[in-house]
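K.L.:
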Amino acid sequence: MSGDESKYKGRERHHPRSGLGRLRAANSKDTARVGGWEARAEDDAFLERHADHGRRSHGGESLLARFNRLAQGTQAPTGEPAEICGFQGRQVVVRRADGSELLCEIRSVLKKQVAGVKNLLCVGDRVRVEFVPEPVISALEPRRNQLERADSHNRALIHVFAANIDVLVIVAALKEPDLKRGLIDRYLVLAAACDIPAVVILNKADLADGHEDAALYRSLGAPVFLTVGNLGAGDLEPLREHLRGKTCVVCGQSGVGKSSLINALHPGFKARIGVVAEEGHGRHTTTSARSELLPDGGRLVDTPGIRECAVTGLTPLDVALLMPDLAAFHPKCRFADCSHLHEPDCAVYAAAEDGQIAVSRFESYRSIIQEDLVERPS
Ligand SMILES: Nc1nc2c(ncn2[C@@H]2O[C@H](COP(=O)(O)OP(=O)(O)O)[C@@H](O)[C@H]2O)c(=O)[nH]1
Ligand SMILES: [Mg+2]
Ligand SMILES: [Zn+2]
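Add 17 to the 1-based position in the sequence shown for this note's numbering, that's all there is to it.
(1) Give me the Cα-Cα distance between Val217 and Glu258, rounded to the nearest whole angstrom.
(2) If we count the other Cβ atoms within 10 Å of its Cβ and call it buried at 16 or more, is Leu396 buried or exposed?
(3) Please state the DSSP three-state secondary structure of Gln108.
(4) What residue from Cys326, Asn85, Arg307 and Phe379 has the CA that sits closest to Val109's CA?
(5) Where are the beta strand (DSSP E) runs, 3 residues long or more, that stay fully inside the region 145 to 229, in chain order?
(6) Assuming Phe352 and Ala364 form a contact by the criterion Cβ under 8 Å, report the distance between their Cβ atoms to the nearest whole angstrom.
(7) Considering Asp342, what are the terminal residues of the alpha helix (DSSP H) in which it resides?
(8) As a quick exercise: from Thr332, Asp342, Leu119 and Ala367, pick the residue whose alpha carbon is nearest that of Ala239.
(9) Secondary structure at Leu331, three-state DSSP: helix, strand or coil?
(10) Helix, strand or coil, according to DSSP, for His75 in the structure here?
(11) Just jot down, in chain order, the residues whose CB lies closer than 5 Å to any heavy atom of ligand 3.
(12) Taking C-alpha atoms, which residue in Lys221, Ala180, Gly285 and Val140 lies nearest to Asn85?
(13) Using C-beta distances below 6 Å, list every residue in its chain close to Ala369, excluding the 5 sequence neighbours before and after it, in chain order.
(14) Checking 8 Å against the spacing of the C-beta atoms, do Leu237 and Leu191 come in under that value?
(15) Can you list, in chain order, the residues of its chain with a C-beta nearer than 7 Å to that of Pro159? Leave out the 5 residues immediately preceding and following it.
(16) Say the cut is 7 Å; is the CB of Lys221 nearer than that to a heavy atom of ligand 2?
(17) Is Thr409 near ligand 1, in the sense that its beta carbon is under 7 Å from a heavy atom of that ligand?
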């Protein structure tokens, strides 16, 4: 057995406290957070129910389905339709149909139903606003999808980063900083887990040849674009065409060229990007997400939570099945629940050995299982 395996088995040792204790501790931290109402308003019964269960322990119902049932249960949508584009303290910033922004309170009956997730509402949510006379969010529209993952501080809770997303835009640099294939693979797993399409942008194509990597990610079904962001060159036009009018969540390490690409794709948007970037110095924006309207009618969603790249809240089997190249070999393993780490007659391991699965992909899988899925003390 490898030392890595013993690390994985050691997950219980990292939990001096019971699941219930961890939930309570996380909750007490939550109430001190900036943006107070985003914290859950849960009760003891909820804590009891969730203490010893995994993330999807909501009676078998996905959180998306649960949110949508809740949304449909809210009163008949009579208010003005709007879209959540940010948070400010305890208030919600919504964008109205004319593009203007409005600070809203949230009707207290909605606040009470937050139990079970870290944040009920998120950027991208479609809501109804009533004026009483101050603007109040009075009803929620069902979500098409949501970008979610187990909260890194309390994995019994789900953190929803954004809703109604068309595409997760994964930006990586081929060089400076070096290409982080493990990061691309983690974002691909996240997108797959949330059933959101992803594209891979291999930027700084002027500094290194990215054709082999482009072929790898294309073979996984992701559209790939090789770009030179600072010059607006490479596959910029096909990329612009692909993203036109879409709601995009852009993710990737700092310095890979995200801002350069956004400016190249949307000249004139620059000023607003600058504003968003400036806010980043404050404490507030570390927990706050924003959605900006793009000139082509799309949305650019910046959600700080996604900068943390660890995959959480999935089982090793989930991860293997969400990686299409590994999943293709999984049924040929001797054991149906093979972790592909140490079992005999493992078809995935064999495929990685003889080059049918890329080394980087198998390495990403192993490191997700052995690093990300192992809970650390918070
Ligand atoms: N050589 C090269 N440099 C780039 C490219 N795209 C961006 N840069 C530079 O990389 C640095 C980081 O870019 P930036 O857009 O701020 O990255 P961000 O942190 O992901 O938003 C800047 O100095 C850019 O000029 C590219 O395609 N090639
Ligand atoms: Mg930037
Ligand atoms: Zn296997």
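We treat Cβ as the ideally placed atom computed from N, Cα and C, and that holds for glycine.
P.N.:
So, to answer that:
(1) Val217 and Glu258: Cα-Cα distance of roughly 15 Å.
(2) Only positions 18 to 395 of the chain appear in this structure, which leaves residue 396 out of reach.
(3) In this structure, Gln108 counts as strand in the three-state DSSP scheme.
(4) Closest by alpha carbon: Arg307.
(5) Fully enclosed beta strand (DSSP E) runs of 3 or longer: 152 to 157, 163 to 167, 175 to 180, 184 to 190 and 215 to 220.
(6) Contact flag wrong, Cβ pair sits at about 10 Å.
(7) Taken as a continuous stretch (DSSP letters only), the alpha helix (DSSP H) holding Asp342 covers Pro341 to Ala344.
(8) Ranking the options by Cα distance to Ala239, first place goes to Asp342.
(9) Coil at Leu331, not helix or strand.
(10) The pLDDT assigned to His75 is 39, lower than 50, so where the model puts this residue is not dependable, and the model offers no usable value.
(11) Here the residues come out as Cys350, Cys355, His357, Cys363 and Val365.
(12) Measuring from the Cα of Asn85, the nearest candidate turns out to be Ala180.
(13) The residues are Phe379.
(14) Not a contact, by the Cβ cut-off of 8 Å.
(15) Residues of the same chain with a CB within less than 7 Å of the CB of Pro159, apart from the 5 flanking positions on each side, are Asn85, Ala88 and Gln89 in chain order.
(16) Lys221: no, Cβ never under 7 Å from ligand 2.
(17) Any question about residue 409 goes unanswered here, given that the chain covers just 18 to 395.
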